[in-house]
Structures are given as C-alpha cells and as structure tokens.
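Participant: Please find one structure pasted underneath; my questions will follow.
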Amino acid sequence: MSALPVDPDPDPDPAPRPEWVGDIVVAGHRLHVAHRPGAPGRMPLVLVNGIGASVEFLDPLVEALDVDRPVVRFDVPGIGGSPLPWVPLPMAGLAGLLSGLLDALGYARADVLGLSWGGGIAQQFALQHPDRTGRLALVSTGTGAMMVPARLTVLAKMLTPRRYNDRRYRHDAGAEIYVGEDQAAVDEVFGRARPVAFRGYLFQLMALMTWTSLPVLPFIGAPTLVLAGRRDPVIPVVNAHLMGTLIPRATVHLHQGGHVGILTRPHELGPVLEDFLDN
Numbered sequence: 001m002s003a004l005p006v007d008p009d010p011d012p013d014p015a016p017r018p019e020w021v022g023d024i025v026v027a028g029h030r031l032h033v034a035h036r037p038g039a040p041g042r043m044p045l046v047l048v049n050g051i052g053a054s055v056e057f058l059d060p061l062v063e064a065l066d067v068d069r070p071v072v073r074f075d076v077p078g079i080g081g082s083p084l085p086w087v088p089l090p091m092a093g094l095a096g097l098l099s100g101l102l103d104a105l106g107y108a109r110a111d112v113l114g115l116s117w118g119g120g121i122a123q124q125f126a127l128q129h130p131d132r133t134g135r136l137a138l139v140s141t142g143t144g145a146m147m148v149p150a151r152l153t154v155l156a157k158m159l160t161p162r163r164y165n166d167r168r169y170r171h172d173a174g175a176e177i178y179v180g181e182d183q184a185a186v187d188e189v190f191g192r193a194r195p196v197a198f199r200g201y202l203f204q205l206m207a208l209m210t211w212t213s214l215p216v217l218p219f220i221g222a223p224t225l226v227l228a229g230r231r232d233p234v235i236p237v238v239n240a241h242l243m244g245t246l247i248p249r250a251t252v253h254l255h256q257g258g259h260v261g262i263l264t265r266p267h268e269l270g271p272v273l274e275d276f277l278d279n
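Sequential numbering of the sequence shown, starting at 1, is according to UniProt numbering.
Encoded structure:
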C-alpha cells in the first residue's frame, strides 16, 4: 500500500483576516467601526481619533502596523459614519462607549492609542477602566481644559471643522497649524477623511472643554508612551513633558515633526509604537 502524501507544512500560519467595516450599536448609539481581527490571541490596539476625524483618517498608521496586530477604530457619535447623539457626551460617557465596544467585539482588554482630542478618551478610559487597559499611547495630546495652550491664532483655527471641508482653507491654515509637516502628506491624510458637520464637531469641543486629566494623571497605572512633535503648535511640547512627569510609568518620545506626524511619517513613528506595545 502506498503511503499518503505528506503535507510539507501541516500547520501553516493562517492569513490574517481582512478588516471588517460596519456599524455596531453600543448603549443605544450606532457606532461606525473598522475592525482588523489580526492574529488570534493577540492584544488588540484601539485607535481613538483626533477631533472631527473619521476612521479613514487613521489609514496610514494602520497600514504601517504589524498585520497580525488586531486594530479597532471607530467614529465617535456625530462624526463620520456615526449619527449625531441627542445631547453632547462627556469624556466619561465616551470612555464608557469604548468599553461597550470592546464587549461587543469580545475583547476583555486592549491597548489604547489616543491622537490629539482622542487622547482625552484614552486617558479617561485608562482611569475609568484600569483593568481593561493594557498599554496606553498618548500622541500629540494634552490634559484637556487644564493644559499649556496653543497660541490664540492657532486655537481660533481649531474651533471649526473648516480645514476638513475646505482644501484651500486647509492650505492657508496649515501654514500655522501643521508646522513641521509636508503639505502634500497632510493633504493626502485629510483627503481620506469624511466631511464634518459643525454640530458634531461642537459636541466634541464641549467634551474637551469640560474635562481635564491633570489632577489625576498620577493615578494612570498603565505603561504609557507620550509621543509628541517638537514643532507641534497645536499641543505645545511642554505638555508632553508634563504628562511624562506626572504619569508614573510614562516614557516620552519626541520627534522632529508636528501635530499629525504619526500619520504623515508612519514608517518612522510606527516602529516606535510597535516597540512600545511589544515590550
């Protein structure tokens, strides 16, 4: 009797499953979600976006990360594909939605990265759900209402979503907001994002202006990476040093770019994030 042919690779590594994009209802809110399952058993990374930005805005970072790393991103209520809520949600409520989203996806714990405005949700989540927080990455972000602010001319340009909806205005405003960034790379990143409604943007501003983490930073127990651009005019770099000093297990990494450096130079800063998450 002849022997059966032997499979030269009897247990090949399965290919990562493709990203799923759709809607999930959490606590009565329909959230537009992008979920890349990655390899089974690995800790997921949740990416929490900047103000006004939809999930597509984060594509350059996701593309630079290990394909085996599960990645979750979502549009907060009122932004992108998530409908506007009846009333503004505070940071604590938004952190609660993130916890509910993890439940819906079957994750007990997650690493969390917050970019700019999203750093508020990330910090609040780490404080509110320490048992569910793996590692925390705070990118181009600060401590909310109590932080070292940008110049008034920069702040004025951040008060509306016009830079998302008007390419010419983004070029004009970008000379002051996106210092240290290649304008073509900024255009490419913003070109991915959806148009932004003013009311949804206003609700996000209200959440930020009524919240601060400054007095409670010493209570963040998660290992934390504070990643900031030396030339960022939106979140002055002194805020990174402040957070790095007050968060007990924080490491500060400064780069030579500006506010959205992690998206305009992902192949430089993605490995910094990967090293932090894996060690």
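Glycine included, each C-beta is placed from N, C-alpha and C at the ideal position.
Which term fits residue 36, buried or exposed, when burial requires 16 or more other beta carbons within 10 angstroms of its beta carbon?
Facilitator: As a first step, residue 36 is located in the sequence shown; it is residue number 36 there, counting from the start. That one is buried.
Participant: Please report the straight-line C-alpha distance between residue 190 and residue 75, rounded to a whole angstrom.
Facilitator: Taking the sequence shown and counting its residues from 1, the one referred to as residue 190 is at position 190. Taking the sequence shown and counting its residues from 1, the one referred to as residue 75 is at position 75. Using only the alpha carbons, I get a separation of about 15 Å.
Participant: Less than 9 Å between the beta carbons of residue 159 and residue 140, yes or no?
Facilitator: Residue numbering aside, residue 159 sits at position 159 when the sequence shown is read from its first letter. Residue numbering aside, residue 140 sits at position 140 when the sequence shown is read from its first letter. In this structure, residue 140 does not lie closer than 9 Å to residue 159 by Cβ.
Participant: Label residue 267 either buried or exposed according to how many other C-beta atoms from any shown protein chain fall within 10 Å of its C-beta, with 16 as the threshold for buried.
Facilitator: As a first step, residue 267 is located in the sequence shown; it is residue number 267 there, counting from the start. Exposed: under 16 other Cβ atoms inside 10 Å.
Participant: Which whole-angstrom value is the C-beta distance of residue 120 and residue 211, which I expect to be below 8 Å?
Facilitator: Reading the sequence shown from its first residue, position 120 is the one you call residue 120. Reading the sequence shown from its first residue, position 211 is the one you call residue 211. So it is a contact: roughly 6 Å between Cβ atoms.
Participant: Between 54, 33 and 38, which lies nearest to residue 195 when the distance is taken from Cα to Cα?
Facilitator: Locating residue 195 in the sequence shown gives position 195, where the first residue counts as 1. It is 54 whose Cα lies nearest to the Cα of residue 195.
Participant: Go ahead and label residue 133 buried or exposed: buried means 16 or more other beta carbons lie within 10 angstroms of its beta carbon, across all protein chains shown.
Facilitator: In the sequence shown, counting from the first residue as 1, residue 133 sits at position 133. Buried, since its Cβ has 16 or more Cβ neighbours within 10 Å.
Participant: Going by the CB atoms, is the gap between residue 47 and residue 118 shorter than 9 Å?
Facilitator: As a position in the sequence shown, residue 118 is number 118, starting the count at 1. As a position in the sequence shown, residue 47 is number 47, starting the count at 1. Yes, Cβ-Cβ distance for residue 118 and residue 47 is below 9 Å.
Participant: Which of helix, strand or coil does DSSP assign to residue 210?
Facilitator: Mapped onto the sequence shown, residue 210 falls at position 210. Correct three-state label for residue 210: coil.
Participant: Helix, strand or coil for residue 2 per DSSP?
Facilitator: By one-based count along the sequence shown, residue 2 stands at place 2. The predicted position of residue 2 is uncertain, since its pLDDT is 39 and thus under 50; a value taken from the coordinates is nonetheless stated next. Three-state result, residue 2: coil.
Participant: With a 10 Å radius around its C-beta and 16 neighbouring C-beta atoms as the bar for buried, classify residue 172 as buried or exposed.
Facilitator: Locating residue 172 in the sequence shown gives position 172, counting from the first residue. Counting Cβ neighbours within 10 Å, residue 172 comes out exposed, since fewer than 16 surround it.
Participant: In chain order, what residues of the same chain have a beta carbon less than 8 Å from the beta carbon of residue 262, not counting five sequence neighbours either side?
Facilitator: Translated into positions along the sequence shown, residue 262 becomes position 262. Cβ neighbours of residue 262 beyond the five flanking positions: 61, 115, 139, 140, 227, 269, 270 and 273.
Participant: For my contact list, residue 70 and residue 45 are in at a C-beta cut-off of 8 Å; report their separation, rounded to the angstrom.
Facilitator: Position 70 of the sequence shown, counted from the first residue, corresponds to residue 70. Position 45 of the sequence shown, counted from the first residue, corresponds to residue 45. Yes, they are in contact, since the Cβ atoms of residue 70 and residue 45 sit about 7 Å apart, within 8 Å.
Participant: When the Cα atoms are used, what is the spatial distance from residue 89 to residue 168?
Facilitator: Position 89 of the sequence shown holds residue 89. Position 168 of the sequence shown holds residue 168. One C-alpha to the other measures close to 31 Å.
Participant: Rounded to the nearest angstrom, what separates residue 241 and residue 176 at their Cα positions?
Facilitator: The count along the sequence shown starts at 1 and reaches residue 241 at position 241. The count along the sequence shown starts at 1 and reaches residue 176 at position 176. Taking the straight line from one Cα to the other gives about 22 Å.
Participant: Which residues in the same chain have their Cβ closer than 6 Å to the Cβ of residue 129, if we skip the five residues on either side of it in sequence?
Facilitator: Counted from its first residue, the sequence shown places residue 129 at position 129. These residues qualify, in order along the chain: 99.
Participant: Give every residue of the same chain whose Cβ lies closer than 7 Å to the Cβ of residue 193, excluding the five residues on either side of it in the sequence, and list them in chain order.
Facilitator: The sequence position of residue 193 within the sequence shown is 193, counting from 1. If we look at residue 193 and ignore the five residues flanking it on each side, its Cβ neighbours are 53, 54, 56, 57 and 164.
Participant: Is DSSP giving residue 53 helix, strand or coil here?
Facilitator: Here residue 53 corresponds to residue number 53 of the sequence shown, with the count starting at 1. Three-state DSSP puts residue 53 in coil, outside helix and strand.
Participant: Could you compute how far the alpha carbon of residue 224 sits from the alpha carbon of residue 112?
Facilitator: Looking up residue 224 in the sequence shown gives position 224. Looking up residue 112 in the sequence shown gives position 112. Using only the alpha carbons, I get a separation of about 10 Å.
Participant: Hey, which unbroken runs of the beta strand (DSSP E) at 3 residues or more fall wholly within the region 123 to 173?
Facilitator: Qualifying beta strand (DSSP E) stretches, in chain order: 133 to 139.
Participant: Mind listing, in chain order, the continuous beta strand (DSSP E) runs of no fewer than 3 residues lying wholly within the region 226 to 259?
Facilitator: Those beta strand (DSSP E) runs which fall completely within the region 226 to 259 and span 3+ residues are 250 to 255.
Participant: Roughly how many angstroms lie between the CA atoms of residue 24 and residue 85, to the nearest whole one?
Facilitator: What you label residue 24 is simply residue 24 of the sequence shown in a count that begins at 1. What you label residue 85 is simply residue 85 of the sequence shown in a count that begins at 1. About 15 Å.
Participant: Where residue 260 and residue 41 are concerned, what is the direct C-alpha to C-alpha distance, given to the nearest angstrom?
Facilitator: Residue numbering aside, residue 260 sits at position 260 when the sequence shown is read from its first letter. Residue numbering aside, residue 41 sits at position 41 when the sequence shown is read from its first letter. Those two C-alpha atoms are separated by around 31 Å.
Participant: Are the CB atoms of residue 81 and residue 32 within a distance shorter than 9 Å?
Facilitator: Reading the sequence shown from its first residue, position 32 is the one you call residue 32. Reading the sequence shown from its first residue, position 81 is the one you call residue 81. Yes, the Cβ-Cβ distance between residue 32 and residue 81 is below 9 Å.
Participant: Where do the N-terminal and C-terminal ends of the alpha helix (DSSP H) with residue 114 fall, by residue?
Facilitator: Against the sequence shown, residue 114 aligns to sequence position 114. Run containing residue 114: none in the alpha helix (DSSP H); it sits in the beta strand (DSSP E), 110 to 115.
Participant: Looking at the structure shown, is residue 222 part of a helix, part of a strand, or coil, going by DSSP?
Facilitator: One-based indexing of the sequence shown puts residue 222 at position 222. DSSP places residue 222 in coil when its eight states are reduced to three.
Participant: Contact between the region 196 to 206 and the region 229 to 248: three or more CB pairs below 8 Å?
Facilitator: Counting Cβ pairs under 8 Å, fewer than three are found: no touch.
Participant: Please go through the same chain and pick out, in chain order, the residues whose beta-carbon is closer than 7 Å to the beta-carbon of residue 170, but skip the five residues on each side of it.
Facilitator: Residue numbering aside, residue 170 sits at position 170 when the sequence shown is read from its first letter. Here the set comprises 163 and 190.
Participant: Closer than 8 Å by C-beta to residue 208: which residues in its own chain qualify, once you throw out the five before and the five after it? Chain order, please.
Facilitator: As a first step, residue 208 is located in the sequence shown; it is residue number 208 there, counting from the start. These residues qualify, in order along the chain: 51, 91, 117, 120, 144 and 145.
Participant: Please state if the CB of residue 218 and the CB of residue 248 are separated by a distance shorter than 9 Å.
Facilitator: Within the sequence shown, numbered from 1, the residue matching residue 248 stands at position 248. Within the sequence shown, numbered from 1, the residue matching residue 218 stands at position 218. Yes. Within cutoff.
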